[in-house]
Structure formats: structure tokens, C-alpha cells
Amino acid sequence: MPTRDMPNRDVASRISVDGIGKSFTTEQGTLHVLDRISFEVADGDIVAIVGPSGCGKSTLMNIVAGFDRPDRGVVRIDGVAQSKPSSRGILISQAGSVFPWLTVQQNLMFGLSGHDHGDKQRLADHYAEMVGLKGFESRYPHELSGGMLKRAELARALVVKPEILYMDEPFSALDALLHLRMRNELLRILEQERHTVLLITHDVEEAIHVANRVIVLSSRPTTIQASFEVPFAHPRKLSSAPVQELRAAILRELGVDSYST
Amino acid sequence: MIGAKRILPAIAVIALIVGAWWAIVIVTHSVVFPTPWQVVTGTVELIRDGTLWQHIGASLFRVGTGFGLAVIVAVPLGLWMGWVKGAYLTLNPLFQMLRPISPIAWIPIAILWFGVGDMSPIFLIFISSVFPMVVQTVAGVHTIEKRYLRAAANFGVSRSTLFRQVVIPAVLPQIIVGMRIGLGVAWLVVVAAEMIALRSGLGYLIIDSRNAGNRYDLVVAGMIIIGLIGLLLDGLMRLLEGLKVVRWRYAH
Chain A
0 MPTRDMPNRD VASRISVDGI GKSFTTEQGT LHVLDRISFE VADGDIVAIV
50 GPSGCGKSTL MNIVAGFDRP DRGVVRIDGV AQSKPSSRGI LISQAGSVFP
100 WLTVQQNLMF GLSGHDHGDK QRLADHYAEM VGLKGFESRY PHELSGGMLK
150 RAELARALVV KPEILYMDEP FSALDALLHL RMRNELLRIL EQERHTVLLI
200 THDVEEAIHV ANRVIVLSSR PTTIQASFEV PFAHPRKLSS APVQELRAAI
250 LRELGVDSYS T
Chain B
0 MIGAKRILPA IAVIALIVGA WWAIVIVTHS VVFPTPWQVV TGTVELIRDG
50 TLWQHIGASL FRVGTGFGLA VIVAVPLGLW MGWVKGAYLT LNPLFQMLRP
100 ISPIAWIPIA ILWFGVGDMS PIFLIFISSV FPMVVQTVAG VHTIEKRYLR
150 AAANFGVSRS TLFRQVVIPA VLPQIIVGMR IGLGVAWLVV VAAEMIALRS
200 GLGYLIIDSR NAGNRYDLVV AGMIIIGLIG LLLDGLMRLL EGLKVVRWRY
250 AH
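So the sequences go chain by chain: A and B. Residues in the first sequence are numbered from 0 upward in steps of one, following numbering that gives the first Met the number 0. Residues in the second sequence are numbered from 0 upward in steps of one, following numbering that gives the first Met the number 0.
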């Protein structure tokens, strides 16, 4: 059953989103994008946010990650109001931001400060190996495939040991097979290392595959329409009946008849 | 790798023009305008008495100095103007106004300020090549993709890391484009500057050959040498585009 997700400050949460509102002024007038969005993400939780296109998912992500300011409400990270981005939470977006002028290794070392060069190199090599980029450390991004670029981006985020990974449609630009493979990679890494993950996706299957909880947003002005627990242990069999039932329930919330898709 | 098939048409066109030139000189019985062969013998004469190398050396020295100073000024200035909005708003109108003024128009002022010597053409070369490089560098900073700056902000890197590892490498391809344009303009201007102000250089060679006994074979020889060196300089700048740190911009 869908339940309303209410802010609860009694429980210690990694991310606390409290009453976020955001409007944009356009030539057609004021566009109300986000309307009193509130939810909590506990430490180590993997929360997916799905919603119709144009509902402001990326705007919400930018606010939570500290890149954009809300008109109303507050985002707290470990109880402290978020005012700017920090390396405690790294954003991985669809477009990707691996620096094309740095090698894979230089990209991985980019965010590391306060280490000596040898330590940086060891850490970079460790994470390059973790994401399957061993042997590609001296390559430039334009010499890599799309999937390898995503691996590099993921490794560059992991190397600074962020508490939170903000993932905004991270694998959407990849083909279906690669998309599935990257999801499995992410889950494997999250078993090895504890990170809190906030994942934005338009893909309900991806949400159910990865997340412990799925938040469904309405269309604009966007509110939280429903929230679903995903109680299945990993590895999840996506074709199993309970998973498919949950998928159908989420799709119904999004106004899509699952039998026709 | 350049295959013979690729350069053959260009060689054919040049051969055709040289042939037509030769034919026209013979048909019109011109006593002043040289045949291609007279240009070759004139060039050999300049090589034999050693003056050709002196002229080339003098021109390259002036361009090297003026252009080098322009790079030293334009790149930091362009980065600053591109990064700091106030600097851009303050200086850009001034530069946009100075830019369309032909370097030739600066000649009287150059002579007034620096007299007749190496400094005047160096100043003219500096003036002519500094603006395109500033403009390109500013445009380079303004077109850095936001996602890269956001990533840098996300990792919370220091200002020096931001500049060394993000801003400068992101703008480098544009800086190189600016340098190519700047060097092209500089080479264009050295000839004009030397025609008026000096006693050496390829520009001087051209005007002196005309004045001292209508040696049009040397005039044309000077022109061709200028063209060839210009081509060579552009080729050198193109080599910079092949550097690994900027290849991302051109490779797809």
C-alpha cells in the first residue's frame, strides 16, 4: 500500500528534505515546479525517485545536492542545513562530467586533497580496479566507450569516499544491456562500501532493481504522490511475481497501465 | 599521412598559374614584370650573397618577440576577463573598439613612440595579435561546459586546482586557436611594418627591391617566401592541436 512520507526529525537521517518549494519565472509566467516536498533518507538507504518527465526531478536533485537553492524549505545533511555542494555527497548525472582533458587516473585523483601523490595514485588505482578499469588508467576519456566513461565517473566519486551518492539518471544514456550491467556493478559496489544513495530515474524497473524505497512524484506542481518499500533481498529476480506486482503498482501511481507496456 | 592523390590537385593548380604567368609575361613582352625563372634566379642571388637569411631572420625575430609578448599578455588577461564578470564588463567594450582598428593605422603612433628600429614593428605585431587572442581566450572561458565546473565545485577543490586542472585545460584548445589566428595576423603585419619603418626584413626587401632599380623579380621572390614561411608557421601552430591534452576537443 502506498503511504504518505512524512518528515520525521526524531529519527536520525542522513538526508532530511523538509518542505522544499521551487518556482521558476518564465516568459509565460511563474512555473511552480516543486511544492512542499519532504522526505527522509536514512544512512545506508538507497532511495529512488521516479516521476513523470518534466516534474522537476533534476531540480529536486540539484537542491538536495546543494547546487541550487530552494525558494522554501530546507535540506539537512546529518542535521546541518545544506547551502552548497560538498564532497560528502557526489553528483553523478546523465551527461557525465569526467574531465576530457585528464586521463582516467588524473580524473580519479582530481578530488583527492590532503594526500601525498603516492597515496592518491594508490587510491585511484584501487577504485579503477574496483569498477573494472584496470589497465585503462592512462587513457583519455575520448578513448573510452560510454560504459567505461560511466565506470570512470563512478570511480571518481567513490574515491573521495562520499557518504552520499546523488545519481541523476546516471545510466540513461547507455543501451539496455549496458544499463543492466552498470546497475549490477553499482549493487556489487554498494555491498562492499556503505553509501547512502539518492537515485533519480524515469525507469521504474531500475528503481525496483536498485532501491530499498521508491518515491513517486506527481506532475507539476510536484508533490510526493506515494512511497513504496522494496522489501526484496539482493540479488533481485526482476521477473518474479512480487517484483512485477510492485512494478505494476508504481506504474499505476504514474498513471500507466502496466499491461499495455 | 598525405597521399599523392591529396596534394596532386593543389600542385596542378599552382603549376597552371605559374604556366599562365610565364605565358602572359612572354606574350606581353613585359620588361618589368619577371618570369617565374627570373624569380628563381633572383632568389638564388639573394641566397648566394646571404641577405635572404638576414631578412628572414629579422622578420622572424620581430614576429617572435611581438607575438610572444602578446601571448604572455593575452592569455592571463583573457582568463581573467573570462572568469571575472566585472573585468569583462569593464574591458570588453574597450577591446571591441580597439580590435577593428587596422594595425596599419598604428604605424604613425608606433614611429612617434618607438622611432625607427625594431621596437616599432614589434609593437605593431603585438597590437595586432593581442586582441584576437584575448577574444578567443575569453570566449573559451565563457564556453566551458557547466557540468565540469559543477563537478569541480562538488569535489570542493582549491582555487588553484580549479584553474590548473579545469579552467586552463578546458580553455587550452581555444587558446591555441587564438594563437593560430594571432600568429597569422602577426606575420601579415610584419611586412607592412617593415615596408615603412626599417632597413631589414622581408617587407623591407620587397619595398627596397622596387625602389632600387625596379627589381620585380626580388619583389615576387619576397612575396613567395613570405607565403611559404606563413604556411610553415601555421603548420607549427597546427602541431599544437595534436597535443594529447587538447586532442579531446578535436577527436570524435
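Note that the Cβ used here is the ideal one computed from N, Cα and C, for glycine as well.
When DSSP labels each residue in this structure, what does residue i get in the three-state scheme?
i, result
"GLN224 (chain A)", "strand"
"ASP167 (chain A)", "strand"
"THR25 (chain A)", "strand"
"PHE38 (chain A)", "strand"
"SER208 (chain B)", "helix"
"THR42 (chain B)", "helix"
"ASP233 (chain B)", "helix"
"THR102 (chain A)", "coil"
"LEU15 (chain B)", "helix"
"ASP17 (chain A)", "strand"
"THR195 (chain A)", "strand"
"HIS218 (chain A)", "First, the amino acid is wrong: residue 218 (chain A) is Ser here, not His. If DSSP states are grouped into helix, strand and coil, SER218 (chain A) belongs with coil."
"ARG71 (chain A)", "strand"
"GLY117 (chain A)", "helix"
"SER157 (chain B)", "coil"
"LEU78 (chain B)", "helix"
"ARG212 (chain A)", "strand"
"ALA240 (chain A)", "helix"
"SER92 (chain A)", "strand"
"HIS31 (chain A)", "strand"
Kindly give me the distance between the Cβ atoms of residue i and residue j, rounded to whole angstroms, as I take these residues to be in contact under 8 Å.
i, j, result
"ALA41 (chain A)", "SER12 (chain A)", "5 Å"
"THR102 (chain A)", "SER137 (chain A)", "5 Å"
"PRO172 (chain B)", "ARG248 (chain B)", "4 Å"
"ALA151 (chain B)", "VAL140 (chain B)", "No, ALA151 (chain B) and VAL140 (chain B) are not in contact; Cβ-Cβ is about 14 Å, not under 8 Å."
"ILE19 (chain A)", "PRO69 (chain A)", "5 Å"
"GLY177 (chain B)", "PRO131 (chain B)", "6 Å"
"ALA109 (chain B)", "PHE94 (chain B)", "That pair is no contact at about 19 Å."
"ILE175 (chain B)", "LEU239 (chain B)", "5 Å"
"ASP77 (chain A)", "THR195 (chain A)", "With 8 Å as the limit, ASP77 (chain A) and THR195 (chain A) do not qualify as a contact, their Cβ atoms being about 10 Å apart."
Just the Cα atoms here: how many angstroms apart are residue i and residue j?
i, j, result
"GLY114 (chain B)", "ILE106 (chain B)", "10 Å"
"LEU30 (chain A)", "ASP17 (chain A)", "20 Å"
"ALA86 (chain B)", "GLY77 (chain B)", "10 Å"
"MET5 (chain A)", "PHE38 (chain A)", "Unreliable placement is indicated for MET5 (chain A), whose pLDDT of 47 sits below 50; no coordinate value is reported for it."
"VAL158 (chain A)", "HIS208 (chain A)", "24 Å"
"GLY181 (chain B)", "GLY202 (chain B)", "19 Å"
"TRP52 (chain B)", "ILE225 (chain B)", "12 Å"
"MET129 (chain A)", "CYS54 (chain A)", "35 Å"
"ALA19 (chain B)", "ILE13 (chain B)", "10 Å"
"GLY229 (chain B)", "SER112 (chain A)", "46 Å"
"SER208 (chain B)", "VAL218 (chain B)", "6 Å"
"ASN213 (chain B)", "GLU193 (chain B)", "18 Å"
"ASP233 (chain B)", "GLY56 (chain B)", "17 Å"
"ALA127 (chain A)", "ALA151 (chain A)", "7 Å"
"PHE109 (chain A)", "GLY65 (chain B)", "37 Å"
"LYS133 (chain A)", "ALA123 (chain A)", "10 Å"
"ASP9 (chain A)", "SER15 (chain A)", "Reliability of the predicted coordinates at ASP9 (chain A) is poor, the pLDDT of 46 falling under 50, and no value is obtained from them."
"PHE32 (chain B)", "THR50 (chain B)", "22 Å"
"MET0 (chain A)", "PHE227 (chain A)", "Confidence is the limiting factor: at MET0 (chain A) the pLDDT is only 46, short of 50, which leaves the residue's position unreliable, though a coordinate-based value still follows. Rounded to whole angstroms, MET0 (chain A) to PHE227 (chain A) spans 7 Å at the Cα level."
"ARG235 (chain A)", "VAL245 (chain B)", "44 Å"
"ALA225 (chain A)", "VAL170 (chain B)", "46 Å"
For residue i, is the classification buried or exposed, using 16 other Cβ atoms within 10 angstroms of its Cβ as the cut-off for buried?
i, result
"THR221 (chain A)", "buried"
"LEU176 (chain A)", "exposed"
"LEU197 (chain A)", "buried"
"ASN153 (chain B)", "buried"
"HIS233 (chain A)", "exposed"
"VAL27 (chain A)", "A quick correction: the sequence has Gln, not Val, at residue 27 (chain A). Result: exposed."
"SER92 (chain A)", "buried"
"THR40 (chain B)", "exposed"
"GLY254 (chain A)", "exposed"
"ILE205 (chain B)", "buried"
"ASP115 (chain A)", "exposed"
"ASN183 (chain A)", "exposed"
Quick one: list the residues of chain A neighbouring residue i, beta-carbon separation under 7 Å, in chain order.
i, result
"GLY155 (chain B)", "SER85, SER86"
"ALA169 (chain B)", "TRP100"
Mind listing the chain B neighbours of residue i? Cutoff is C-beta to C-beta under 7 Å, in chain order.
i, result
"PHE66 (chain A)", "ARG149"
"ALA94 (chain A)", "ARG146"
What residues from chain A crowd round residue i, counting only those whose CB sits closer than 8 Å?
i, result
"VAL165 (chain B)", "PHE98"
"ALA152 (chain B)", "PHE66, LYS83, PRO84"
Starting from the beta carbon of residue i, find every residue of chain B whose beta carbon is closer than 8 Å, and list them in chain order.
i, result
"VAL209 (chain A)", "Result: empty, since nearest Cβ-Cβ is about 21 Å, beyond 8 Å."
"VAL262 (chain A)", "Here chain A has residues from 0 to 260 only, and residue 262 (chain A) is not among them."
Which residues in chain A sit within 9 Å of residue i, going by Cβ to Cβ distance?
i, result
"ALA22 (chain B)", "Residues of chain A passing the Cβ test: none, with the nearest at roughly 51 Å."
Which bits of chain B does residue i rub up against, with CB to CB less than 9 Å?
i, result
"PHE109 (chain A)", "ALA150, ALA151, PHE154, VAL156, THR160, GLN164, VAL165"
"SER112 (chain A)", "PHE154, GLY155, VAL156, SER157, THR160"
"LEU90 (chain A)", "ARG149, ALA150, ASN153"
Below 7 Å, is the gap between the Cβ of residue i and the nearest heavy atom of the ligand MN?
i, result
"PRO234 (chain A)", "The ligand MN is absent from the structure shown, which contains no ligand whatsoever."
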